[in-house]
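Enquirer:
2 protein chains.
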Amino acid sequence: MPKIVSLSEAASIALHGIILIAREKKGLNVVKIAERTDTSKHHVAKVMQRLVKAGYLNSQRGPSGGFVLRKEPKDVNFLDIYEVIEGVIEIGECPMDKQICPFGKCIMNNVTSKMTLNFKEYLEKQTIDQYI
Amino acid sequence: MPKIVSLSEAASIALHGIILIAREKKGLNVVKIAERTDTSKHHVAKVMQRLVKAGYLNSQRGPSGGFVLRKEPKDVNFLDIYEVIEGVIEIGECPMDKQICPFGKCIMNNVTSKMTLNFKEYLEKQTIDQYI
DNA sequence: GTAATTTTGGTATTTAAATGCTCAAATATA
DNA sequence: TATATTTGAGCATTTAAATACCAAAATTAC
């Protein structure tokens with residue numbers, strides 16, 4: 354059962370997490386995010402760490418600590434967050450990333466590139482404020 | 354650099370290979386398919402083996418052996434071949450394959466399912482005879 | 001009939017990626 | 001100031017999947 358359009362658990366945690374955080378004024382900690390997304394706190398911790406480093410979250414250690422959004426919800430979109438976790442989505446001509454097609458003409462007719470572009474554009478349109 | 358729409362080397366070999374075979378009346382052997390697709394003969398051998406077992410190819414051992422198409426080119430489409438290699442493409446509601454969304458409402462709005470369905474339908478429309 | 005060729009099947013290796021763990025560092029609260 | 005809480009960083013583990021290899025079986029051609 355192949356996944357055509359893939360969303361890793363990490364990307365899922367990042368997107369769900371940032372929405373949950375944006376919804377709370379006082380911020381949210383790892384444990385709560387893990388509970389509400391039904392994932393492990395270890396994994397949540399790792400993912401949040403990366404969002405902090407990338408400048409999307411502020412973190413606060415110690416009792417009553419946690420994460421708060423560092424930007425305006427309308428200024429953060431799904432693509433930003435997705436790419437922090439998965440890397441930048443690149444639109445390549447060849448689905449196999451070959452420089453020259455040994456086959457002659459590509460049998461995929463750029464369908465994979467078009468789909469990828471569509472998905473990218475969709476993610477870019479989804480700003481966090483639409484999910485608060 | 355994540356791949357949104359993924360095509361494994363195995364799937365690529367299968368699709369390219371079956372077209373190459375369909376184009377030759379006398380069949381084609383592993384070495385030639387590997388050359389023309391710029392892949393390893395080991396990998397080609399494994400992939401072809403699966404297409405034989407699945408009934409899409411006949412194989413012939415020994416000198417001047419190789420593979421020939423077992424069906425009419427118009428009766429074989431890309432989806433058939435893709436699924437032999439990758440498994441059946443299933444259209445699930447949840448991109449994370451969760452039964453109940455712990456989050457409440459899915460943040461992906463079925464976009465991943467829709468894209469997957471589109472891709473599946475596209476593959477199904479591409480019959481081998483269109484590529485001879 | 002012998003040797004060369006080619007597929008077959010099983011196994012091994014590699015790789016990547018995801019996920020999990022542990023202890024150290026920071027900080028709020030009492 | 002002590003303690004409990006929480007994030008941070010690096011490393012360990014797991015898993016899955018893809019790819020590669022090798023020896024055996026089949027078959028043709030000479």
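Which chain is which? The protein sequence lines are A and B, in order.
Taking my numbering, the leading residue of the first sequence gets 354, the next gets one more, and so forth.
Taking my numbering, the leading residue of the second sequence gets 354, the next gets one more, and so forth.
Just so you know, even glycine gets a beta-carbon here, dropped at the ideal spot from N, CA and C.
Is it right to say A/D433 is buried, meaning 16 or more other beta carbons lie within 10 angstroms of its own, or is it exposed?
Expert: buried
Enquirer: In the DSSP assignment, the beta strand (DSSP E) including A/G418 goes from what residue to what residue?
Expert: Segment: none, A/G418 is in no beta strand (DSSP E) and carries neither H nor E.
Enquirer: Taking Cβ-Cβ distances below 7 Å as the criterion, which residues of the segment 380–393 of chain B are in contact with chain A?
Expert: R389, T390, D391
Enquirer: Just checking my contact of B/M401 with B/V429 at CB under 8 Å: how many whole Å lie between their CB atoms?
Expert: Wrong, their Cβ atoms sit about 15 Å apart, outside the cutoff.
Enquirer: By a C-beta neighbour count over all protein chains shown, 10 Å radius and 16 as the cutoff for buried, is B/H369 buried or exposed?
Expert: buried
Enquirer: Tell me, please, which residues DSSP counts as bridged to A/M480.
Expert: According to the sequence as given, residue 480 of chain A is Thr; it is not Met. BP columns for A/T480 point to A/N430.
Enquirer: Between the beta-carbon of A/T480 and the beta-carbon of A/P416, is there less than 8 Å?
Expert: Annotated as distal: A/T480 and A/P416, with beta-carbon spacing of 8 Å or more.
Enquirer: In whole angstroms, give me the CA-to-CA distance for B/I438 and B/K473.
Expert: Within the model, the alpha-carbon separation for B/I438 versus B/K473 is close to 14 Å.
Enquirer: Counting contacts by CB-CB distance shorter than 8 Å, is A/H395 in contact with chain B?
Expert: no
Enquirer: Are the CB atoms of B/V421 and B/I485 within a distance shorter than 8 Å?
Expert: No, the pair does not count as a contact, with Cβ atoms beyond the cut-off.
Enquirer: Using only CA atoms, which one of A/N463, A/L476, A/K478, A/G419 lies nearest to B/L360?
Expert: For B/L360, the nearest C-alpha among the options comes from A/N463.
Enquirer: Based on Cα-Cα distance, which residue from B/V441, B/C459, B/Y409, B/I460 lies nearest to B/L470?
Expert: B/V441
Enquirer: Need the endpoints of the beta strand (DSSP E) that A/S412 sits in, please.
Expert: 410–413
Enquirer: Is DSSP giving A/V487 helix, strand or coil here?
Expert: Because chain A in this structure spans residues 354 to 485, residue 487 of chain A falls outside the shown range and cannot be described.
Enquirer: Below 8 Å CB to CB, which residues in the same chain sit around A/E446 once its five sequence neighbours on both sides are set aside?
Expert: C459, N463, S466
Enquirer: Mark B/I453 as exposed unless 16 or more other C-beta atoms lie within 10 angstroms of its C-beta, in which case mark it buried.
Expert: exposed
Enquirer: Report the neighbours of A/T480 on chain B: residues whose CB is nearer than 7 Å to its CB, in chain order.
Expert: Within chain B, no residue comes near A/T480; the closest Cβ sits about 12 Å away, beyond 7 Å.
Enquirer: Hey, would you say B/M449 sits closer than 8 Å to A/S365, going by beta carbons?
Expert: yes
Enquirer: Identify whether B/L360 lies in helix, strand or coil by the three-state DSSP scheme.
Expert: DSSP places B/L360 outside both helix and strand once states are collapsed to three, so it counts as coil.
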